[in-house]
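Trainee: Sharing a structure here in structure tokens format.
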Amino acid sequence: MTVSLEQLRRCHVAVDLGAARTRVFVKGAGLVVDEPSVAAVNTRTGALIAVGALAEKMTGRTPDYIRVVRPVSGGTVVDIEMAQRMLRHLLGDKLRRQLRRKPRLRAAACTPHDSDPLAQRAAVETLVGLGARRVELVDTLIAAAVGCGLPVEQPTATMILVCGAATTQVAVLSLGAIVTAERMPVGGDAIDHAVIQHLRHQHELMLPSQSVRPLQVALHGNGLTLQGPTFTEIHGRDVATGLARSVTVDTAAVREAIQTPLTAVLDGIGKVLRDCPPDLVADLADRGIMMVGGSALLPGLDQMLREATGMPVHIAERPDVCAVLGLGAMLEGRVQPLVLDPVGERERSDAD
68 MTVSLEQLRR
78 CHVAVDLGAA
88 RTRVFVKGAG
98 LVVDEPSVAA
108 VNTRTGALIA
118 VGALAEKMTG
128 RTPDYIRVVR
138 PVSGGTVVDI
148 EMAQRMLRHL
158 LGDKLRRQLR
168 RKPRLRAAAC
178 TPHDSDPLAQ
188 RAAVETLVGL
198 GARRVELVDT
208 LIAAAVGCGL
218 PVEQPTATMI
228 LVCGAATTQV
238 AVLSLGAIVT
248 AERMPVGGDA
258 IDHAVIQHLR
268 HQHELMLPSQ
278 SVRPLQVALH
288 GNGLTLQGPT
298 FTEIHGRDVA
308 TGLARSVTVD
318 TAAVREAIQT
328 PLTAVLDGIG
338 KVLRDCPPDL
348 VADLADRGIM
358 MVGGSALLPG
368 LDQMLREATG
378 MPVHIAERPD
388 VCAVLGLGAM
398 LEGRVQPLVL
408 DPVGERERSD
418 AD
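Laid out in structure tokens, this is it:
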């Protein structure tokens, strides 16, 4: 999955197929698509009814013959045909006609770190089905680091934490490459699931499927830290009667319920630091951790990581779109590699 900047500069479009949202960057036009990775299908006719935000609103509210599907799971395409149909509708006829005019359309795509060849092949097939003659794959960690402005091409350590919906990835980068990295199968969805299960078991309350982020409902401000609110009121549906009901929830109990997925994230950070060379760890003590991804905006998560690791923790300016913006920067040639003067050539020039 190693690809040069020169190859990426020849690409015309960059795609970030995430478990939660799909983003498309077109060279010269910028970010043109940022929609949920959701599609609604009529099971009787096979017709695509809606995609993106409209399809997401249909979740849990459709009749039997309409099925809401997510063709991407954990950053990996699980339904190639549906992913292609979803992308076609998200791009729209006008943009697709512009891309078809390219004589040899090239595309770039983000793939999770350490993804298996089958997952990489699924990403390639998805974009080939849209007319791409060649597809370049870029590690999400490197693309996100470039997108949030980290000096990845310099000989200094930078640590990035990509907090996705289905997975969390952490890596130490230096000289434009990954020194050590780890991918944990927990993300924002796992944290939300822990909150939902806590409310169901302890308060017999069900949250509607359209509740965007249960954790943000339960914890406001610095919710993950002790300085957050003591109690919060949550509206939902009673498990037994099915009627609407409100309960007052102790946020300390919610913090305890989400400790399992958060501990997995901390374990991954610890493993990366243990595998990292000592000189680079010394750099990280000053530079700290950069958080990107949609789940990086969970209330108080940065403060919890700061207390657990003892290192500075920063959140990118636009954490949810860093990966696709990083790909776009590489497509447009705004990233320059570190040019080294080979020692042998320098010695020959001195001799002349």
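Take any residue in the sequence shown, note its place counting from 1, add 67, and you have its number in the working numbering.
Where a beta carbon is used, it is the ideal one built from N, C-alpha and C, also for glycine.
(1) Can you list, in chain order, the residues of its chain whose CB lies under 6 Å from that of residue 279, leaving out five sequence neighbours each side?
(2) Which runs of the alpha helix (DSSP H) spanning at least 4 residues fall entirely within the segment 217-273, listed in chain order?
(3) Taking all protein chains shown into account, do 16 or more other C-beta atoms lie within 10 angstroms of the C-beta of residue 32, making it buried, or fewer, making it exposed?
(4) Beta-carbon separation of residue 274 and residue 263 under 8 Å?
(5) DSSP on residue 279, reduced to helix/strand/coil?
(6) Any idea what DSSP makes of residue 200, helix, strand or coil?
(7) For residue 313, list the residues DSSP reports as bridge partners.
(8) Give the DSSP-derived three-state secondary structure of residue 362 in the structure shown.
(9) Could you give the distance in angstroms between the alpha-carbon of residue 116 and the alpha-carbon of residue 339?
(10) Is it buried or exposed, residue 14, if we count other Cβ atoms within 10 angstroms and call 16 or more buried?
(11) For a test of the three-state rule: what should DSSP assign to residue 170, helix, strand or coil?
(12) Which partner residues does residue 206 have in the DSSP bridge list?
(13) By how many angstroms is the C-alpha of residue 77 removed from the C-alpha of residue 357?
(14) Taking the DSSP output, what are the residues bridged to residue 140?
(15) Within the continuous beta strand (DSSP E) that includes residue 330, where are the two ends?
(16) Take residue 377 as the anchor and find which of 337, 212, 392 and 213 has the nearest alpha-carbon.
(17) Pick helix, strand or coil for residue 322, following the three-state DSSP scheme.
(18) Between the beta-carbon of residue 327 and the beta-carbon of residue 261, is there less than 8 Å?
(19) Between residue 88 and the rest of its own chain, which residues show a CB-CB distance below 8 Å, the 5 nearest in sequence each way excluded?
(20) Let's test the definition: count the other Cβ atoms within 10 Å of the Cβ of residue 346 and tell me whether it reaches 16, buried, or not, exposed.
(21) Residues in the same chain with beta-carbon distance under 7 Å from residue 267, minus the five sequence neighbours each way, listed in chain order, please.
(22) Does the separation of the CB atoms of residue 332 and residue 251 fall below 8 Å?
(23) Do you know how far the Cα of residue 135 is from the Cα of residue 126?
(24) Put residue 397 into one of helix, strand or coil per three-state DSSP.
(25) Identify every residue that forms a DSSP beta bridge with residue 103.
(26) So, using beta-carbon positions, are residue 92 and residue 359 closer together than 8 Å?
(27) Tell me the DSSP secondary structure of residue 357 in three-state form.
(28) Would the segment 105-113 and the segment 207-214 be scored as touching if the rule is three or more Cβ pairs under 8 Å?
(29) Leaving out the 5 sequence neighbours to the left and right, which residues in its chain are closer than 7 Å to residue 14 when beta-carbon positions are compared?
(30) Taking all protein chains shown into account, decide if residue 234 is buried (16 or more other Cβ within 10 angstroms of its Cβ) or exposed.
(31) Can you name, in chain order, every residue of its own chain whose Cβ lies under 6 Å from the Cβ of residue 342, other than the five neighbours on each side?
(32) Residue 84 and residue 190 - do their beta-carbons sit closer together than 8 Å?
Mentor: By the coordinates alone:
(1) Because the pLDDT of residue 279 is 47, which lies under 50, any placement of that residue in the model is unreliable, and the question is left without a value.
(2) Runs found: 255-270.
(3) Because the chain in this structure spans residues 68 to 419, residue 32 falls outside the shown range and cannot be described.
(4) With respect to residue 263, residue 274 sits close: the two C-beta atoms are nearer than 8 Å.
(5) Confidence at residue 279 is low in this model, with a pLDDT of 47, below 50, so the placement of that residue should be treated as unreliable; the coordinate-derived value is given next. Shown here, residue 279 sits in coil according to DSSP, grouped into three states, outside any helix or strand.
(6) In the structure shown, residue 200 falls within a coil segment according to DSSP collapsed to helix, strand and coil.
(7) The partner list for residue 313 (beta bridge, DSSP) reads 302.
(8) The three-state reading of DSSP puts residue 362 in helix, counting H, G and I together.
(9) Going by the C-alpha atoms only, they are around 44 Å apart.
(10) Residue 14 lies beyond the stretch modelled for the chain, which goes from 68 to 419, so this question has no answer here.
(11) In the structure shown, residue 170 sits in coil (DSSP, three-state: anything other than H, G, I, E or B).
(12) Paired residues: 178.
(13) If I take the Cα positions, the gap works out to 29 Å.
(14) For residue 140, DSSP records a beta bridge to 143.
(15) From DSSP, residue 330 is part of no beta strand (DSSP E) but of the alpha helix (DSSP H) over 326-342.
(16) For the residues 337, 212, 392 and 213, the minimum Cα distance to residue 377 belongs to 337.
(17) The DSSP-derived three-state label of residue 322 is helix.
(18) Closer than 8 Å, so yes.
(19) The answer, listed in chain order, is 101, 102, 103, 104, 361 and 387.
(20) Residue 346 is classed as exposed because its beta carbon has fewer than 16 other beta carbons within 10 Å across all chains shown.
(21) For residue 267, where only same-chain residues beyond five positions count, the Cβ hits under 7 Å are 273 and 306.
(22) Yes, these two residues count as a Cβ contact at 8 Å.
(23) Cα to Cα, residue 126 sits roughly 6 Å from residue 135.
(24) Residue 397 sits in a helix when the DSSP states are folded into three classes.
(25) 88, per the DSSP bridge assignment.
(26) Cβ atoms of residue 92 and residue 359: not closer than 8 Å.
(27) The answer is strand: DSSP assigns residue 357 an E or B state.
(28) Judged by pairs of C-beta atoms under 8 Å, the segment 105-113 does not touch the segment 207-214, as fewer than three such pairs exist.
(29) Nothing about residue 14 can be read from this structure; the chain reaches only from 68 to 419.
(30) Burial call: buried.
(31) Within its own chain, the residues whose Cβ lies closer than 6 Å to the Cβ of residue 342, once the five positions on either side in sequence are excluded, are 247, listed in chain order.
(32) Cβ distance < 8 Å, so residue 190 and residue 84 count as in contact.
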